[in-house]
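Enquirer: Have a look at the structure that comes next, please.
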Amino acid sequence: MDLNYTPQELKFRDELRAWLETQLPGPEETRAASKSPDPWVRFNFYRDWQRRLHQGGWTGVHWPKEYGGRGATLMEQVIFIEEMARAQAPQVAGVLGLMLIGPTIVHHGTPEQKQRFLNRILSGEEIWCQGFSEPNAGSDLANLRTEAKDMGDHFLVNGHKVWNSYGWAADWCALVTRTDPEAPKHKGLSYLLVDMKSPGVEVRPLLQITGETEFCEIYFNNVQVPKQNVLGRINDGWNVAISTLMHERATLGADMRIVFARQLNRLVELTRKISRGGKPLYDDPLVRQKIGQAYTEIELLRLNQMRSVSRIAQTGAPGPEGSILKICWSELNQRFQQAAQEILGLYGQLEHGKHAIDDGAWSYGFLRARGNTIEAGTSEIQRNIIGHFVLGLPKSY
Amino acid sequence: MQFDLNETQLMLKKGAREFFAAECPMHDVRRIMATDTSFDDKLWKKIADQGWTGITFDEAYGGAGLGLVELAVLMEEMGRALVPGPYLSTVLLAGNAISLAGSEEQKQKYLTRICSGTARASLAVVEAEGVWSLASLKMKATPVEGGCKLKGAKLFVTDAGVADFFVVAAKAREGLVLAVVDARARGVKLAPMPALDQTRKYYEVSFNNVTGEVLATGEAARAALERTIDLATAALTAEMAGGMQRVLDITVQYAKTRKQFNTPIGQFQAVQHQCADMLVFTESSRSAAYYAAYAIEENTPDARLAVSAAKTYASEAYRETGNRGIQVHGGMGFTWENDLHLYYRRAKACETMFGDAAFHRDRIARELVAPVKTAAPVSAEPEAVHA
Ligand SMILES: Cc1cc2nc3c(=O)[nH]c(=O)nc-3n(C[C@H](O)[C@H](O)[C@H](O)COP(=O)(O)OP(=O)(O)OC[C@H]3O[C@@H](n4cnc5c(N)ncnc54)[C@H](O)[C@@H]3O)c2cc1C
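Sequence lines, in order, name chains U and L.
Last residue of the first sequence: 695 (this note's numbering), numbering continuous.
Last residue of the second sequence: 398 (this note's numbering), numbering continuous.
Rendered as structure tokens:
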């Protein structure tokens with residue numbers, strides 16, 4: 299174990315810092331955009347930021363150079379995330395493409411597919427959504443019914459997907475379909491790359507408990523998908539989907555860490571600014587306990603992530619241990635948001651208006667965190683995976 | 012000993028459940044909460060017709076003269092149905108404050124209108140510090156001809172948007188003052204404070220040199236206000252237990268019917284255990300709420316402890332029940348369309364109202380270390396009524 303950065307890693311970090319120095323949007327700008335009630339305002343801000351990162355060569359840093367990445371090592375990818383967290387940088391618009399679907403295309407795509415899709419994912423020119431879940435296929439994803447019929451040169455797709463994050467903004471959809479209804483349920487699936495502008499695709503926004511329409515449902519009605527848009531082999535879609543899910547578990551949290559770091563910083567600042575009983579909040583030992591606990595958990599996430607990355611660097615691909623990270627970040631966020639609520643007291647629940655702290659960001663954060671242990675595979679499913687695939691306990695269902 | 016509801020209480024419970032199922036089903040809750048003030052005139056009138064706006068108050072003022080356990084039972088059912096509007100503000104807060112602090116004449120003037128359902132009201136205590144504690148009051152009341160002059164802002168005032176008058180707590184030379192202020196008086200200004208729970212709305216109410224009619228001052232005011240808040244807290248925990256029960260029922264039903272892996276999800280132990288925990292939270296909150304109501308009613312020596320224990324437990328239990336209910340519903344639980352988040356939002360509001368778990372743990376510890384005399388019920392004619 300050597301936790302010192304190598305000279306090469308230091309060089310990478312300094313280069314990034316220098317770039318951020320001149321290119322990072324100001325905190326005021328970021329705060330104003332990220333609290334806009336119009337999802338498109340937020341989205342366009344994040345997309346502009348992604349464009350700027352891309353122009354500087356800072357998207358997909360560990361993707362191979364030949365596909366437009368920076369060819370950085372995984373360790374450098376970790377440094378990248380650290381620096382983004384440190385700089386309190388905004389999110390990027392194309393998270394699903396950058397973190398989940400791009401890497402899946404890198405791994406399973408044909409040269410033509412890589413050529414066609416990867417660079418546009420990096421630049422944010424094309425936004426992706428993930429068309430996996432269905433009304434009757436959530437935890438039991440392999441039970442999905444959306445059908446893709448082989449019509450010779452294309453597939454004809456019919457079906458209904460739900461809970462698709464950013465479906466409303468997406469240009470493309472990574473769609474898991476059933477191509478062989480006779481085969482056992484994991485065997486007859488194919489992974490299609492579907493143009494959301496194809497005739498027969500209909501997106502309907504779904505209102506979340508936060509009052510926003512971050513996710514959607516998507517209806518596919520006789521949608522034609524050219525054969526060259528199958529990712530991986532026909533009827534091998536389960537394995538391709540698993541590779542997306544592994545990336546999802548292992549890496550989404552890394553992105554969240556940037557958000558947590560920013561929020562913890564802000565919370566600490568608030569404990570200095572707000573006073574109760576004539577004293578700043580941080581004077582209260584209970585408040586300090588909560589801050590200390592939040593720091594510890596966010597730090598543990600960072601350390602777990604670093605070790606996991608080191609392991610991936612050796613084995614090449616994320617494994618079922620990703621479920622550990624998924625449990626860590628999602629459950630820590632729920633505890634963190636609750637701690638913030640307890641610190642902010644009556645004010646924490648305010649959604650808007652002049653008394654709402656940070657214009658309601660904390661009540662929003664509290665509600666939004668509730669979804670974390672459901673999306674990207676529920677906590678129960680992650681624990682099943684750890685029990686069975688990591689610990690080797692007998693399968694429980 | 013029998014720690015359970017008696018015949019009449021059970022009948023009240025059944026009646027209230029049927030009443031709210033018919034008069035305030037979830038689509039009405041959603042309709043009402045979407046209005047500016049979360050108030051429905053017709054529903055309010057029907058609640059008053061049941062005699063519930065005067066449930067615990069003296070028959071002399073048009074009340075039903077029932078006890079606190081009956082009130083708890085009613086609140087439980089209101090919490091279950093997630094009844095929107097100013098019941099808590101009017102009856103539990105303003106009503107009790109007037110009943111405990113007001114003179115005979117004032118009760119005739121204000122309490123009768125509350126009992127008959129013709130007036131709505133609220134209690135204004137919390138200020139900029141955002142704490143439900145009398146020690147943190149800053150607003151000043153200066154004596155004037157016919158009452159006291161109030162200047163300052165109150166925050167987190169529930170349902171102020173439909174209140175006809177406010178009971179305001181302020182500080183004067185002789186200590187605390189409780190005064191009634193007409194909501195339409197010049198110098199009273201309201202500003203909504205939109206929060207997670209849309210069924211019971213919060214407001215900032217500012218008073219710019221407004222004259223209030225004094226209910227009580229000094230020790231009498233303090234005792235009345237403390238008892239009012241304790242009463243309301245006990246009743247609120249009953250409301251919370253009712254909400255938990257509903258979340259549990261919806262969730263168990265879902266776990267029985269939703270299938271994944273060809274199995275009802277309720278068959279998975281991970282799901283079953285969450286439901287079992289929810290039952291423990293609900294039942295324990297109910298026990299604590301009933302006991303708190305009983306203890307205040309009977310003025311048992313541990314009444315304040317009972318209230319704080321109930322609020323400490325229920326504050327966390329309601330939120331946790333909501334967490335698990337949504338979790339068991341998967342993606343469905345994260346949709347606006349599903350009712351669970353409405354309870355979850357209510358749970359958040361209840362958690363922080365009248366002091367959160369940390370506040371009440373602290374109060375318990377203080378009380379155990381240095382017991383304060385339990386606030387005795389204030390007589391109908393407090394000694395020092397006017398400033
Ligand atoms: C905010 C959000 C964003 C999302 N974004 C996307 C997206 O972009 N694309 C996409 O395809 N999907 C998305 N999803 C869907 C998500 O992946 C599913 O909701 C999730 O996999 C659970 O499926 P379900 O909703 O059908 O719940 P169910 O599978 O019905 O689960 C219900 C409950 O049963 C439990 N359960 C089920 N099976 C078992 C078992 N074997 N053992 C123990 N417990 C079990 C679950 O843990 C859960 O508590 C999103 C969901 C949310 C909340």
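The C-beta atom is built at its ideal place from N, Cα and C for all residues, glycine as well.
Note that this is a predicted model, so its numbers are computed, not measured.
Quick check: is the beta carbon of Pro-388/L nearer than 8 Å to any beta carbon in chain U?
Expert: Within the second sequence, residue 388/L is the residue found at index 377, counting from 1. At Pro-388/L the pLDDT is 47, less than 50, meaning the model places this residue with poor confidence and gives no usable figure here.
Enquirer: What residues in its chain sit with their C-beta under 6 Å from that of Ala-171/L, if we drop five residues either side in the sequence?
Expert: Counted from its first residue, the second sequence places residue 171/L at position 160. Excluding residues within five positions, the ones whose Cβ falls inside 6 Å are Ser-133, Leu-201, Tyr-214 and Val-216.
Enquirer: Tell me whether Tyr-489/U sits in a helix, a strand or coil according to DSSP, three-state version.
Expert: Along the first sequence, read from residue 1 onward, the residue named residue 489/U stands at position 191. Three-state DSSP puts Tyr-489/U in a strand.
Enquirer: Leu-648/U CB to nearest chain L CB: under 8 Å?
Expert: Numbered from 1 along the first sequence, position 350 holds the residue referred to as residue 648/U. Chain L contact via Cβ: present.
Enquirer: When we look at the beta-carbon of His-545/U and count the other beta-carbons within 10 Å, is it buried (16 or more) or exposed?
Expert: The sequence position of residue 545/U within the first sequence is 247, counting from 1. Buried, since its Cβ has 16 or more Cβ neighbours within 10 Å.
Enquirer: Look at Leu-491/U and Asn-527/U and say whether their C-beta atoms are less than 8 Å apart.
Expert: Position 193 of the first sequence, counting from 1, holds the residue named residue 491/U. Position 229 of the first sequence, counting from 1, holds the residue named residue 527/U. Yes, they are a contact pair.
Enquirer: Residues in its own chain within less than 8 Å of Glu-392/L by CB, not counting five upstream and five downstream?
Expert: By one-based count along the second sequence, residue 392/L stands at place 381. Its pLDDT being 42, under 50, Glu-392/L is placed unreliably by the model, and the measurement read from it follows with that caveat. Only Ser-114 and Glu-115 meet the Cβ criterion.
Enquirer: Return the first residue and the last residue of the alpha helix (DSSP H) that Asp-39/L is part of.
Expert: In the second sequence, counting from the first residue as 1, residue 39/L sits at position 28. Run containing Asp-39/L: 37-44, per the alpha helix (DSSP H) assignment.
Enquirer: Using three-state DSSP, classify Val-84/L as helix, strand or coil.
Expert: On the second sequence, residue 84/L is found 73 positions in, with the first residue counted as 1. Helix.
Enquirer: Would the C-beta of Ser-541/U count as close to ligand 1, meaning under 7 Å from any of its heavy atoms?
Expert: For the purposes of this step, residue 541/U is taken as residue 243 along the first sequence, with counting starting at 1. False, no ligand heavy atom lies under 7 Å from that Cβ.
Enquirer: For the alpha helix (DSSP H) containing Ala-181/L, name the first residue and the last one.
Expert: Along the second sequence, one-based indexing puts residue 181/L at 170. Looking at the DSSP string, Ala-181/L is not in any alpha helix (DSSP H); the run it does join, the beta strand (DSSP E), is 176-183.
Enquirer: Based on the DSSP secondary-structure assignment, which residues constitute the bridge partners of Pro-203/L?
Expert: What you label residue 203/L is simply residue 192 of the second sequence in a count that begins at 1. Beta-bridge pairing links Pro-203/L to Tyr-214/L.
Enquirer: Along the alpha helix (DSSP H) that carries Lys-693/U, what are the first and last residues, could you check?
Expert: Position 395 of the first sequence, counted from the first residue, corresponds to residue 693/U. It is not in any alpha helix (DSSP H) - Lys-693/U carries neither H nor E in the DSSP assignment.
Enquirer: If you compare alpha carbons, which of Leu-565/U, Ile-507/U and Met-382/U is closest to Pro-323/U?
Expert: For this step, residue 323/U is matched to residue 25 along the first sequence. Ranking the options by Cα distance to Pro-323/U, first place goes to Met-382/U.
Enquirer: Any chance the CB of Ile-419/U is under 7 Å from a heavy atom of ligand 1?
Expert: What you label residue 419/U is simply residue 121 of the first sequence in a count that begins at 1. No, the beta carbon of Ile-419/U sits no closer than 7 Å to any heavy atom of ligand 1.
Enquirer: Helix, strand or coil for Tyr-464/U per DSSP?
Expert: Position 166 of the first sequence, counting from 1, holds the residue named residue 464/U. Coil.
Enquirer: When the Cα atoms are used, what is the spatial distance from Val-566/U to Leu-598/U?
Expert: As a first step, residue 566/U is located in the first sequence; it is residue number 268 there, counting from the start. As a first step, residue 598/U is located in the first sequence; it is residue number 300 there, counting from the start. Approximately 18 Å, taken between the alpha carbons.
Enquirer: Could you tell me the alpha carbon to alpha carbon distance between Asp-553/U and Gly-62/L, rounded to whole angstroms?
Expert: Reading the first sequence from its first residue, position 255 is the one you call residue 553/U. Reading the second sequence from its first residue, position 51 is the one you call residue 62/L. Straight-line Cα distance between these residues: approximately 56 Å.
Enquirer: Within the segment 234-311 of chain L, note down every full alpha helix (DSSP H) run reaching 4 residues or more, in order along the chain.
Expert: Correct list: 280-309.
Enquirer: Closer than 8 Å by beta-carbon distance: list the chain L residues that pair up with His-452/U, in chain order.
Expert: By 1-based counting over the first sequence, the position of residue 452/U is 154. By Cβ distance, chain L contributes nothing, its closest Cβ being about 30 Å from His-452/U, past 8 Å.
Enquirer: Which residue's Cα is closest to the Cα of Asp-47/L: Arg-335/L, Ala-206/L and Lys-165/L?
Expert: Start at 1 with the first residue of the second sequence, and residue 47/L comes out as number 36. Considering only alpha carbons, the answer is Ala-206/L.
Enquirer: In terms of DSSP beta bridges, what is Leu-454/U paired with?
Expert: If you number the first sequence from 1, residue 454/U lands on position 156. In the DSSP output, where bridge partners are listed per residue, Leu-454/U has Lys-447/U and Gln-522/U.
Enquirer: I want to verify the contact list: residues of chain U whose CB lies under 8 Å from the CB of Gly-341/L, in sequence order.
Expert: One-based indexing of the second sequence puts residue 341/L at position 330. Those are Gly-436, Ser-437, Ile-672 and Thr-676, listed as they occur along chain U.
Enquirer: Would you kindly report the start and end of the unbroken beta strand (DSSP E) that includes Leu-161/L?
Expert: Taking the first residue of the second sequence as position 1, residue 161/L is located at position 150. Per DSSP, Leu-161/L belongs to the beta strand (DSSP E) from 158-169.
Enquirer: May I ask you to list, following chain order, the residues of the segment 158-183 of chain L that have a beta carbon less than 9 Å from some beta carbon of chain U?
Expert: Listed by position along the chain: Leu-166 and Phe-167.
Enquirer: Are the beta-carbon atoms belonging to Cys-126/L and Phe-176/L less than 8 Å from one another?
Expert: Translated into positions along the second sequence, residue 126/L becomes position 115. Translated into positions along the second sequence, residue 176/L becomes position 165. Going by C-beta atoms, Cys-126/L is not nearer than 8 Å to Phe-176/L.
Enquirer: Could you please give me the residues that DSSP links to Cys-471/U through a beta bridge?
Expert: Numbered from its first residue, the first sequence carries residue 471/U at position 173. DSSP lists Cys-427/U and Val-492/U as partners of Cys-471/U.
Enquirer: Please report the distance separating the alpha-carbon of Gln-209/L from that of Ser-437/U.
Expert: Within the second sequence, residue 209/L is the residue found at index 198, counting from 1. Within the first sequence, residue 437/U is the residue found at index 139, counting from 1. Roughly 32 Å between the two C-alpha positions.
Enquirer: Quick check: does the Cβ of Met-343/L come within less than 7 Å of any heavy atom belonging to ligand 1?
Expert: In the second sequence, residue 343/L corresponds to position 332, counting from 1. At least one heavy atom of ligand 1 is nearer than 7 Å to the Cβ of Met-343/L, so yes.
Enquirer: By the three-class DSSP mapping on this structure, what secondary structure does Ser-147/L have?
Expert: What you label residue 147/L is simply residue 136 of the second sequence in a count that begins at 1. Ser-147/L falls in the helix class under three-state DSSP.
Enquirer: Below 8 Å on the Cβ atoms is my guess for Glu-445/U versus Gly-457/U; work out the distance and round it to an integer in Å.
Expert: Locating residue 445/U in the first sequence gives position 147, counting from the first residue. Locating residue 457/U in the first sequence gives position 159, counting from the first residue. At roughly 6 Å, the Cβ-Cβ gap stays under 8 Å, so Glu-445/U and Gly-457/U are in contact.
Enquirer: Hey, Tyr-265/L and His-340/L: beta-carbon distance below 8 Å or not?
Expert: Position 254 of the second sequence, counted from the start, is the residue given in the question as residue 265/L. Position 329 of the second sequence, counted from the start, is the residue given in the question as residue 340/L. In this structure, His-340/L lies closer than 8 Å to Tyr-265/L by Cβ.
Enquirer: Counting along the chain, where does the beta strand (DSSP E) carrying Leu-187/L start and finish?
Expert: Within the second sequence, numbered from 1, the residue matching residue 187/L stands at position 176. From DSSP, the beta strand (DSSP E) with Leu-187/L extends over 186-193.
Enquirer: Relative to chain L, which residues along the segment 383-412 of chain U have a C-beta separation below 8 Å, given in chain order?
Expert: Flagged: no residues at all.
Enquirer: Please compile the residues from chain U whose C-beta is within a distance smaller than 7 Å of the C-beta of Gln-271/L.
Expert: For the purposes of this step, residue 271/L is taken as residue 260 along the second sequence, with counting starting at 1. Neighbours of Gln-271/L on chain U, chain order: Gly-436, Ser-437 and Asp-438.
Enquirer: Under 7 Å Cβ to Cβ from Arg-293/L, same chain only, skipping five residues before and after it: list those, please.
Expert: As a first step, residue 293/L is located in the second sequence; it is residue number 282 there, counting from the start. At residue 293/L the sequence reads Thr, which differs from the Arg that was named. Correct list, in chain order: Ala-252, Met-255, Gln-256, Leu-259 and Thr-332.
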